[in-house]
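Colleague:
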Amino acid sequence: MIKWKIKGKKVKLVVGLGNPGKKFELTRHNIGFLVIDYLSDEMKIPLNKKEFNALVGKRNFKNQMIILAKPDTYMNQSGVAVEGLFKYYRPDLKDIIIIHDDMDIELGRLKIKVGGGSAGHKGIASIISELGAPDFTRVKIGIGRPPNGVDGADFVLSIFSSEEFSLVKEIVPLASKAVLTIINQGIERAMTQFN
Numbered sequence: 006m007i008k009w010k011i012k013g014k015k016v017k018l019v020v021g022l023g024n025p026g027k028k029f030e031l032t033r034h035n036i037g038f039l040v041i042d043y044l045s046d047e048m049k050i051p052l053n054k055k056e057f058n059a060l061v062g063k064r065n066f067k068n069q070m071i072i073l074a075k076p077d078t079y080m081n082q083s084g085v086a087v088e089g090l091f092k093y094y095r096p097d098l099k100d101i102i103i104i105h106d107d108m109d110i111e112l113g114r115l116k117i118k119v120g121g122g123s124a125g126h127k128g129i130a131s132i133i134s135e136l137g138a139p140d141f142t143r144v145k146i147g148i149g150r151p152p153n154g155v156d157g158a159d160f161v162l163s164i165f166s167s168e169e170f171s172l173v174k175e176i177v178p179l180a181s182k183a184v185l186t187i188i189n190q191g192i193e194r195a196m197t198q199f200n
């Protein structure tokens, strides 16, 4: 494989987390994939290549190389794909933007953060483990807490109700806008605007 010629351009690696396959498409855990699909349409970056255990699209965008990716490793092994892309394209750690679900944030809200622990999210834990550092950017999208008596693992793999999906249809474009703000105006501006 020939290394992508970046020619001094800053690389932004934007990865949405989720599980591959039709049966997981509209589950809570796959909200990161939904945002990547939305960004792919908005930025006209087709996800048309398989690289490093991920479906990838890339494009020069405002003097930067933007790489969109959806790992096909399943959530708990997301770090394998992210590490492969990181080693090949060499973005700064803070220029890796991971989009993922978060049970500690209510549905319909999001939070942008740089660094920190995994907060129990196995996809994030995998990325931290594979990269050997937690200092990447996260766009955390709220899915809310499971109802009493429902296991967290079962909850994240459940499909959004039709009522909940109306909130998802609002938060996905907002999260996409947050990612574009990070890319175009920087993390501090995005945190001020969206947190």
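Each residue of the sequence shown is one higher than the one before, starting from 6 at the first, in our numbering. Quick reminder that beta carbons are idealized off the backbone N, C-alpha and C, glycines included.
Which residues bound the alpha helix (DSSP H) around glycine 37?
Modeller: 36-48
Colleague: Buried or exposed for glycine 121, going by 16 or more other Cβ atoms inside 10 Å?
Modeller: exposed
Colleague: Based on the DSSP secondary-structure assignment, which residues constitute the bridge partners of glycine 62?
Modeller: DSSP lists Leu73 as partners of glycine 62.
Colleague: Is it right to say arginine 202 is buried, meaning 16 or more other beta carbons lie within 10 angstroms of its own, or is it exposed?
Modeller: The requested residue 202 is not part of the displayed model; the chain covers only 6 to 200.
Colleague: Is the segment 89-96 touching the segment 104-117, taking contact as three or more C-beta pairs under 8 Å?
Modeller: Judged by Cβ distances under 8 Å, the segment 89-96 makes no contact with the segment 104-117, as fewer than three pairs qualify.
Colleague: At the level of alpha carbons, what is the spacing between phenylalanine 170 and leucine 179?
Modeller: 14 Å
Colleague: Taking the alpha carbon of glutamine 69 as the reference point, which residue from Asn58, Gly84, Pro96, Asp46 has its own alpha carbon closest?
Modeller: Of the candidates Asn58, Gly84, Pro96, Asp46, the one whose C-alpha sits nearest the C-alpha of glutamine 69 is Pro96.
Colleague: For the candidate residues Phe57, Phe199, Tyr79, whose alpha-carbon lies nearest to that of isoleucine 129?
Modeller: Tyr79
Colleague: Helix, strand or coil, according to DSSP, for glutamate 193 in the structure here?
Modeller: helix
Colleague: Comparing C-alpha positions only, which one of Pro51, Arg150, Ser181, Tyr94 sits nearest to histidine 34?
Modeller: Arg150
Colleague: Compute the distance between the beta-carbons of glycine 21 and lysine 75, then report whether it is under 8 Å.
Modeller: yes
Colleague: Tell me, please, which residues DSSP counts as bridged to isoleucine 110.
Modeller: Per DSSP, none; premise fails for isoleucine 110.
Colleague: Give every residue of the same chain whose Cβ lies closer than 6 Å to the Cβ of leucine 39, excluding the five residues on either side of it in the sequence, and list them in chain order.
Modeller: Val177
Colleague: Three or more C-beta pairs closer than 8 Å, one from the segment 154-168 and one from the segment 22-32: is that the case here?
Modeller: yes
Colleague: How close, in whole Å, do the beta carbons of aspartate 100 and valine 16 come, if the pair is a contact with beta carbons under 8 Å?
Modeller: Their Cβ separation, rounded to whole angstroms, is 6 Å, which keeps aspartate 100 and valine 16 in contact under 8 Å.
Colleague: Any idea which residues DSSP pairs leucine 115 with across the strands?
Modeller: DSSP, once it has assigned bridges, lists Ile146 as partnering leucine 115.
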